[in-house]
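Trainee:
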Amino acid sequence: MQGTPDNERWAQVRPAVEEQDEAHESHEPPRGALLITCGYLVLIVGLWLQVYLQLLSNGGVIQP
């Protein structure tokens, strides 16, 4: 069964797959993405809090 086309094909593909696995393992995980996302959320919440507090200090929404 060693001479079957599937085994020969796998023998050709396997080194490339192992090289790709090694290349993926050598990369560090993305650390900055989580920090940027959290910073963005804090900024948005802070800005909306400022808008809300400004609205309250002006007497709230005026009812017609």
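Under the working numbering, read the sequence shown as residues 31 to 94, first letter to last. Even glycine gets a Cβ: it sits at the ideal position worked out from N, Cα and C.
Less than 9 Å between the C-beta atoms of V91 and L85, yes or no?
Mentor: Mapped onto the sequence shown, residue 91 falls at position 61. Mapped onto the sequence shown, residue 85 falls at position 55. In contact: V91 and L85 (Cβ atoms closer than 9 Å).
Trainee: Start and end of the alpha helix (DSSP H) containing V75?
Mentor: Mapped onto the sequence shown, residue 75 falls at position 45. First-last of the alpha helix (DSSP H) with V75: G62 to S87.
Trainee: Please report the distance separating the alpha-carbon of T67 from that of V75.
Mentor: By 1-based counting over the sequence shown, the position of residue 67 is 37. By 1-based counting over the sequence shown, the position of residue 75 is 45. If you take the alpha carbons of T67 and V75, they lie about 12 Å apart.
Trainee: Whole angstroms is fine: what's the gap from L177's alpha carbon to D36's?
Mentor: The chain is shown only over 31 to 94; residue 177 falls outside these bounds and no answer can be derived.
Trainee: Taking the straight line between their C-alpha atoms, what separation do you get for E55 and L65?
Mentor: On the sequence shown, position 25 is the one that residue 55 refers to. On the sequence shown, position 35 is the one that residue 65 refers to. In a straight line, the C-alpha of E55 is about 22 Å away from that of L65.
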